[in-house]
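Numbering (this note's numbering), first residue to last: 93 to 261. For glycine and all other residues, C-beta sits at the position ideal for the given N, C-alpha and C. Working notes, structure below.
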Ligand SMILES: [Zn+2]
């Protein structure tokens, strides 16, 4: 059996920054493999492209550029906001959650919730970075295909995997 659309695939992977010598970002080992429904647009397109056609026990090693992963860093996504926006609702200055390094969700003009990281705080402004935390990072994956099976009709209907490594409902 090969990895094609509508298969449920289990892989181990070691995700590093940039290349095989980069810092580790994440590991999915055989005890906690990454299990997913292939060909349903839930993964980075380049990730699926590199796994397509592999069979059980095949190994893989490939890179995905930042632009094809979580995007390049957009300087316009770093914004200065007036400190009054972060007033503690109970009074007494700035909300205690607003600290350098904290992740906060803010609503934009169209009502969308955006998550950003506080990178600086002064008396008048709070500087927040709304870039994806992985923006600007080239990804390098190595791993092994552990299992491939045909997705069940209910998995295809739901668009996700059921059972081990997937949804339980
Ligand atoms: Zn389901």
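- As for any beta strand (DSSP E) of minimum length 3 sitting wholly inside the region 213-253, the runs are 217-221, 231-242, ordered along the chain.
- With 16 or more other CB atoms across the displayed protein chains lying within 10 angstroms of its CB, residue 229 is buried.
- Bounds of any alpha helix (DSSP H) do not take in residue 146, whose DSSP letter is neither H nor E.
- A distance below 7 angstroms between beta-carbons, with the five flanking residues on each side excluded, links residue 210 to the following residues of its chain, in chain order: 190, 191, 192, 193, 194, 196, 218, 220.
- Restricting attention to 96, 140, 205, 105, the CA atom closest to the CA of residue 236 is found in 105.
- Here the C-alpha atom of residue 114 lies approximately 5 angstroms from the C-alpha atom of residue 108.
- A Cβ-Cβ separation of about 6 angstroms places residue 163 in contact with residue 224 under the 8 angstroms criterion.
- Counted as a single uninterrupted DSSP element, the stretch harbouring residue 186 is not any beta strand (DSSP E), since DSSP gives it neither H nor E.
- At least one heavy atom of ligand 1 lies less than 6 angstroms from the C-beta of residue 259.
- For residue 102, the three-state secondary structure derived from DSSP is strand.
- Across the set 239, 245, 249, the C-alpha of 239 shows the shortest separation from the C-alpha of residue 256.
- Here the region 158-172 makes contact with the region 126-140; the two share three or more CB pairs at distances below 8 angstroms.
- Residue side-chain check: residue 232 keeps its Cβ at 6 angstroms or more from all non-hydrogen atoms of ligand 1.
- Contact between residue 146 and residue 94 is confirmed by a C-beta separation of about 7 angstroms, below the 8 angstroms threshold.
- For residue 208, the beta-bridge partners assigned by DSSP are 196.
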